[in-house]
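Take a look at the structure set out below.
2 protein chains.
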Amino acid sequence: MRATTIHAAGDIRLEQVPDPVLSTGRDAIVRVVAACVCGSDLWSYRGVRVPKAGSRTGHEFVGVVESVGDDVERVSVGDFVIAPFYDCDMTCVNCANGVSTSCLELSWWGSRDHFGGFADGGQGEFVRVPHADGTLVKTPEYPSEDLIPHLLTLSDVFGTGHHAALSGGVGPGTTVVVIGDGAVGLCAVLASKRLGAERIVLMSRHESRQALGREFGATEVVAERGEAGVDAAKALFDGIGPDAVLECVGTSASMEQAVATVRPGGTVGFVGVPAEGNSVPVQSLFGANVALRGGVAPVRNYIEELLPDVWGGVVQPGRVFDLTLPLADVAEAYAAMDERRAIKVLLQP
Amino acid sequence: MRATTIHAAGDIRLEQVPDPVLSTGRDAIVRVVAACVCGSDLWSYRGVRVPKAGSRTGHEFVGVVESVGDDVERVSVGDFVIAPFYDCDMTCVNCANGVSTSCLELSWWGSRDHFGGFADGGQGEFVRVPHADGTLVKTPEYPSEDLIPHLLTLSDVFGTGHHAALSGGVGPGTTVVVIGDGAVGLCAVLASKRLGAERIVLMSRHESRQALGREFGATEVVAERGEAGVDAAKALFDGIGPDAVLECVGTSASMEQAVATVRPGGTVGFVGVPAEGNSVPVQSLFGANVALRGGVAPVRNYIEELLPDVWGGVVQPGRVFDLTLPLADVAEAYAAMDERRAIKVLLQP
């Protein structure tokens with residue numbers, strides 16, 4: 015089959031790799047119908063993390079079950095399925111506690127799995143899923159073409175935006191500031207709206223992203239950054255600050271901005287993958303009782319909850335995809351996101 | 015009147031100072047019946063923070079209202095009252111949000127108040143309370159002598175332990191590890207028990223503190239520290255960790271231990287006054303979705319809620335006082351706490 019590999023910063027290729035085969039009895043092979051490029055894929059692409067030459071890439075995909083191992087019970091050949099951005103069993107204590115990203119048998123796409131086998135990357139034609147019963151969620155029926163981008167966001171970005179909002183304690187009547195106007199930040203706006211937030215301020219200086227943010231539910235937009243951004247955002251809340259700030263970037267600067275913006279007793283919900291060495295001074299949290307809650311989003315735990323609203327068209331998170339390319343053009347997909355020509359690129363194998 | 019002052023590290027004196035007088039109409043003067051020494055008072059005493067020579071000290075007191083300004087409505091002359099460790103209005107947005115430590119008119123005992131006057135320190139014979147209606151809470155009637163130590167803990171340590179537990183999300187069935195066997199840590203054990211925690215592990219290597227911890231509700235005690243302490247505490251929870259860790263110390267080491275001990279998706283409730291420069295690496299929170307919630311405890315917001323159980327003897331947080339001295343011996347009170355000869359010292363003017 016063909017699958018995407020990275021050989022060095024900026025060097026993305028579509029290559030011929032071995033077809034996956036069933037091995038453990040608990041696995042399934044999925045034919046990828048749609049995959050995409052994540053902001054976090056750009057870390058290797060930009061050389062911020064040095065990629066191992068020839069590594070498989072991609073961790074978001076939806077597709078059709080092609081074959082299943084003997085012990086698989088919850089999905090069958092022909093099912094349309096959504097995969098979270100990791101493989102998990104959904105039976106261990108951490109999965110039961112709602113934190114499937116800390117599954118005791120966790121593995122990441124494109125890496126060695128818990129059983130000593132290999133879990134393919136998501137940006138390819140097929141993926142072997144080690145815990146088919148835990149990882150995959152099937153849709154009520156085969157979706158229409160239109161629905162596929164929206165379903166694909168349950169693999170990562172919509173679930174991650176939802177995690178930011180839940181971590182920030184967003185609910186009916188909450189006031190929210192979202193830092194980050196990438197796909198995750200925009201999905202955090204949409205998730206906050208869906209959870210009943212009263213006011214949602216999006217920090218963004220890009221017109222197209224501002225526009226989509228407003229359509230997703232942002233009631234205000236602030237273009238300033240840094241200290242000026244903090245002042246402008248707080249000013250919208252009588253200088254006190256909002257109940258929640260959702261940090262969807264991951265830099266020191268964005269975290270500092272989040273902590274400085276939220277009201278006393280409020281919560282920073284953070285999902286931005288932290289740059290190495292980022293740290294938060296405890297004193298900046300202590301005096302005003304600012305809470306910090308978040309992390310790598312356990313999106314598998316959210317798929318069943320979010321699926322009905324996505325399936326029914328109540329929310330359309332797939333609108334974050336503003337470019338669709340064939341898998342053969344995967345290098346261009348990375349370049350378009352790297353250069354911020356696209357918010358998020360969908361890939362069709 | 016006589017009041018306690020600090021002149022340099024280790025130099026605590028009881029001195030003659032001006033009697034407080036009513037000034038704003040919103041204030042009251044309280045005759046102190048009982049005060050005490052706080053772990054945080056030791057920061058200046060040890061020279062970790064350089065004290066301004068002659069500063070008044072003490073921030074925990076209960077007493078009797080001696081006189082009130084014309085605009086005071088909620089307390090009257092003769093009332094027995096509890097004061098939190100700060101002065102606040104209880105009418106501003108932050109007080110209403112439950113964070114009276116961020117009151118827009120906040121001041122600290124022994125410092126300039128919001129109106130440009132002076133709020134006396136708690137370790138003295140009298141205290142002028144700038145926002146009498148906001149700050150003071152009267153008891154149902156004049157308490158018996160036995161009750162006074164317990165009521166005094168509502169000024170700080172029991173409310174702070176309660177804040178640690180609430181911040182850590184402690185409720186019925188929760189599993190908890192408490193780091194810190196000082197008065198606050200012990201009160202965090204008691205507060206966790208009161209809130210319905212199922213298992214409470216106290217990290218302590220001092221026999222008398224372990225014993226009081228067990229009486230307060232600790233189901234297990236771990237004497238190891240650092241990495242060995244993390245391993246021992248986690249081992250009690252199948253290697254996964256407890257739902258909540260309550261950090262009641264404030265050092266880098268204790269915060270690191272707390273983050274390393276809690277289970278994935280769990281919460282560190284922190285109330286230890288952070289040593290300067292303490293910071294938490296975001297990566298240590300991100301991967302396992304460890305939340306950090308806490309800060310300087312808004313104990314004023316808790317007094318009404320906690321008072322009935324204290325008044326009724328359901329909880330006896332005043333047992334943290336293991337030494338009672340006359341105010342004249344305040345220097346010895348500091349020394350006893352500094353040398354860990356006493357958990358907490360009560361002072362009688």
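These protein sequences, in sequence, are chains A and B.
First residue of the first sequence: 15, per this note's numbering; consecutive thereafter.
First residue of the second sequence: 15, per this note's numbering; consecutive thereafter.
Cβ atoms here follow ideal geometry from the backbone N, Cα and C, with glycine treated the same way.
Within chain A, partners of residue i - CB distance below 9 Å
i, result
"methionine 269 of chain B", "Val296"
Check whether residue i and residue j have beta carbons under 8 Å apart
i, j, result
"alanine 17 of chain B", "glutamate 29 of chain B", "yes"
"glycine 185 of chain B", "valine 203 of chain B", "no"
"arginine 208 of chain A", "valine 329 of chain A", "yes"
"proline 278 of chain A", "valine 113 of chain B", "yes"
"lysine 358 of chain A", "alanine 197 of chain A", "yes"
"proline 98 of chain A", "valine 190 of chain A", "no"
"phenylalanine 140 of chain A", "proline 34 of chain A", "yes"
"glycine 173 of chain A", "glycine 72 of chain A", "no"
"valine 82 of chain B", "glycine 92 of chain B", "no"
"glycine 332 of chain A", "histidine 176 of chain A", "no"
"valine 273 of chain A", "isoleucine 193 of chain A", "no"
"cysteine 106 of chain B", "glutamate 119 of chain B", "yes"
"valine 244 of chain A", "leucine 216 of chain A", "no"
"leucine 166 of chain B", "glutamate 74 of chain B", "yes"
"valine 310 of chain B", "threonine 115 of chain B", "yes"
"serine 206 of chain B", "alanine 179 of chain B", "yes"
"leucine 339 of chain B", "leucine 306 of chain B", "no"
"glutamate 261 of chain A", "valine 287 of chain A", "no"
"isoleucine 43 of chain A", "arginine 142 of chain A", "yes"
"arginine 219 of chain A", "alanine 237 of chain A", "yes"
"glycine 124 of chain A", "proline 363 of chain A", "no"
"glycine 308 of chain A", "serine 181 of chain A", "yes"
Within-8 Å CB hit, residue i to chain A
i, result
"alanine 305 of chain B", "yes"
"serine 116 of chain B", "yes"
"valine 113 of chain B", "yes"
"proline 278 of chain B", "yes"
When the options are compared against residue i, the one with the closest alpha-carbon
i, options, result
"valine 151 of chain A", "A:Phe94, A:Gly194 and A:Thr105", "A:Phe94"
"alanine 23 of chain B", "B:Phe230, B:Gly92 and B:Arg63", "B:Arg63"
"proline 312 of chain B", "B:Pro32, B:Asp103 and B:Val263", "B:Asp103"
"glutamate 241 of chain B", "B:Glu270, B:Val235 and B:Ala42", "B:Glu270"
"phenylalanine 365 of chain B", "B:Arg70, B:Glu229 and B:Leu36", "Since the first residue shown for chain B is 15 and the last is 363, residue 365 of chain B is missing from the structure and cannot be characterised."
"asparagine 315 of chain B", "B:Leu161, B:Val76, B:Ala67 and B:Cys117", "B:Cys117"
"arginine 60 of chain A", "A:Ile26, A:Pro32 and A:Thr38", "A:Ile26"
"proline 322 of chain A", "A:Thr153, A:Leu200 and A:Arg219", "A:Thr153"
"serine 169 of chain B", "B:Asp41, B:Val51, B:Gly280 and B:Leu180", "B:Val51"
"glycine 301 of chain A", "A:Leu320, A:Gly280 and A:Asp195", "A:Gly280"
"glycine 131 of chain A", "A:Asp41, A:Trp325 and A:Ala345", "A:Asp41"
"asparagine 108 of chain B", "A:Ser181, A:Gly210, A:Gly182 and A:Val276", "A:Val276"
"aspartate 101 of chain B", "B:Ser121, B:Glu346 and B:Ser222", "B:Ser121"
"threonine 21 of chain A", "A:Gly183, A:Val31, A:Arg70 and A:Pro32", "Here residue 21 of chain A is histidine; the residue named in the question, threonine, does not match the sequence. Comparing Cα positions, the closest option is A:Arg70."
Proximal residues of chain A, C-beta to C-beta of residue i below 8 Å
i, result
"phenylalanine 300 of chain B", "Phe284, Val287, Pro288, Gly308, Gly309 and Val310"
Contact list for residue i against chain B, beta-carbon separation under 8 Å
i, result
"aspartate 254 of chain A", "It is isoleucine, not aspartate, that sits at residue 254 of chain A in the sequence shown. Result: Val107 and Asn108."
"serine 293 of chain A", "Ser293, Val294, Pro295 and Val296"
Check: residue i C-beta below 7 Å from any heavy atom of the ligand COA
i, result
"alanine 247 of chain A", "No copy of the ligand COA occurs in the structure displayed, which carries no ligand at all."
- request: Indicate whether the contact test is met: 3 or more Cβ pairs, each with one atom in the segment 238-251 of chain B and one in the segment 141-155 of chain B, closer than 8 Å.
  value: no
query: Are the segment 287-301 of chain B and the segment 274-291 of chain A touching by the rule of at least three beta carbon pairs closer than 8 Å?
result: yes
Contact the segment 49-57 of chain B vs the segment 346-353 of chain A: 3+ CB pairs below 8 Å: no
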